[in-house]
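Before any comments, here is the structure.
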DNA sequence: AATCATGTAACAATACAAGTATCGTGAAAG
DNA sequence: CTTTCACGATACTTGTATTGTTACATGATT
């Protein structure tokens with residue numbers, strides 16, 4: 595399967611929106627993401643439904659942030675875009691009749707659950723605001739013009 | 595993408611082979627896995643190349659274990675079947691020009707790397723022999739006939 | 001009324017594991 | 001030494017998910 599980049603893309607967009615006055619159009623965002631405006635709308639629809647962004651039609655319309663970035667975590671965004679499967683590996687049958695297969699699946703699923711718990715904890719611990727601040731810090735450290 | 599079940603399947607097969615005298619044919623294994631003999635040969639080719647199993651042609655031929663199960667970890671098997679990507683999510687561009695995207699990718703990749711390290715450590719810490727023993731223990735605990 | 005922008009539906013492209021069919025090759029059995 | 005068995009290898013097709021694309025409807029602004 596192709597790798598799901600929706601979380602990455604939405605974080606990218608949100609950080610740009612946080613540093614941008616006024617709404618941004620799907621067309622503009624699509625250029626940033628090097629993709630299609632329809633893909634942008636499709637993906638951001640999830641964020642809108644969750645209340646993290648707002649969209650307006652017509653002249654001067656587009657997308658704008660609609661939530662306190664301190665209160666939204668990376669995990670929230672992951673879930674807002676559909677909370678896709680995290681792992682590309684797993685077991686074939688959920689409830690196998692074979693006892694050997696049961697044992698194998700249990701061992702594997704244990705390990706996967708642990709890794710998933712860690713990842714979820716990491717994503718849940720970082721807010722969009724913190725991510726934006728760490729970006730600012732990186733710019734200062736790198737001598738970036740403000 | 596469809597979930598990769600090669601590791602799960604190969605562990606299933608190896609545990610059966612450990613409790614089985616003489617070689618097992620691809621046809622027999624395919625029935626266990628509820629799949630096709632060609633899929634079995636294709637997947638087990640990796641294990642053969644790594645020296646974990648051996649295959650023989652002709653009458654009485656088939657697959658047999660060719661290594662000390664105490665010395666082979668679940669991680670070894672994962673790698674032998676191609677060491678596929680573990681995560682289904684990730685970032686789109688490896689080296690983005692956009693500084694914001696760089697920051698986002700770094701934050702995400704950090705979290706993914708940590709989770710991957712945990713998973714790899716877990717898989718690397720369990721040998722096939724240990725997995726087989728834990729299966730035996732489970733059978734005894736469940737009152738399984740030996 | 002014209003324009004701009006989102007909303008939605010439908011469909012093609014892409015990627016990759018898995019499934020399938022077929023033939024070749026070598027080893028054992030008769 | 002011919003048949004049979006089993007792997008080896010190739011060339012597809014299928015299934016499933018994201019992503020890309022086209023087209024058109026809808027609502028808001030000028």
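Residue numbers (this note's numbering), protein chains in the order written: chain A, 595 to 740; chain B, 595 to 740.
All C-beta atoms, glycine included, are put in the ideal place defined by N, C-alpha and C.
- For the 8 Å CB-CB criterion, residue 642 of chain A and residue 636 of chain A do not form a contact.
- Rounded to whole angstroms, the Cβ separation of residue 726 of chain B and residue 733 of chain A is 54 Å, and the two are not in contact under 8 Å.
- With a cutoff of 8 Å on beta-carbon distance, residue 695 of chain A and residue 606 of chain B are scored as near each other.
- Close to residue 598 of chain A, with beta-carbon spacing below 7 Å, are these residues of chain B in chain order: 682 and 683.
- For the C-beta of residue 693 of chain B, the chain A residues within less than 9 Å are, from N- to C-terminus, 729, 732, 733, 736 and 738.
- Taken through DSSP and simplified to helix, strand or coil, residue 666 of chain A comes out as coil.
- Among the residues facing chain B, residue 617 of chain A is not included, as its CB has no counterpart in that chain under 8 Å away.
- Non-local beta-carbon contacts of residue 634 of chain B in its own chain, meaning distances under 6 Å to residues more than five positions away in sequence, involve 620, 623 and 624 in chain order.
- Flagged as an interface residue toward chain A: residue 606 of chain B, by a C-beta distance shorter than 8 Å.
- Taking a beta-carbon distance threshold of 8 Å, residue 637 of chain B does not count as an interface residue toward chain A.
- Inter-segment contact for the region 598–617 of chain A and the region 675–687 of chain A is present: three or more beta-carbon pairs are separated by less than 8 Å.
- Within the same chain, Cβ atoms closer than 6 Å to the Cβ of residue 710 of chain B are found at 680, the five residues on either side in sequence being excluded.
- When DSSP states are grouped into helix, strand and coil, residue 595 of chain A belongs to the coil group.
- In the three-state scheme derived from DSSP, where H, G and I count as helix and E and B as strand, residue 658 of chain B is classed as strand.
- Within the same chain, Cβ atoms closer than 7 Å to the Cβ of residue 660 of chain B are found at 645, 646, 647 and 648, the five residues on either side in sequence being excluded.
- Between residue 736 of chain A and residue 708 of chain A, the alpha-carbon positions lie close to 36 Å from each other.
- Annotation: residue 652 of chain B to residue 627 of chain B spans about 22 Å, alpha carbon to alpha carbon.
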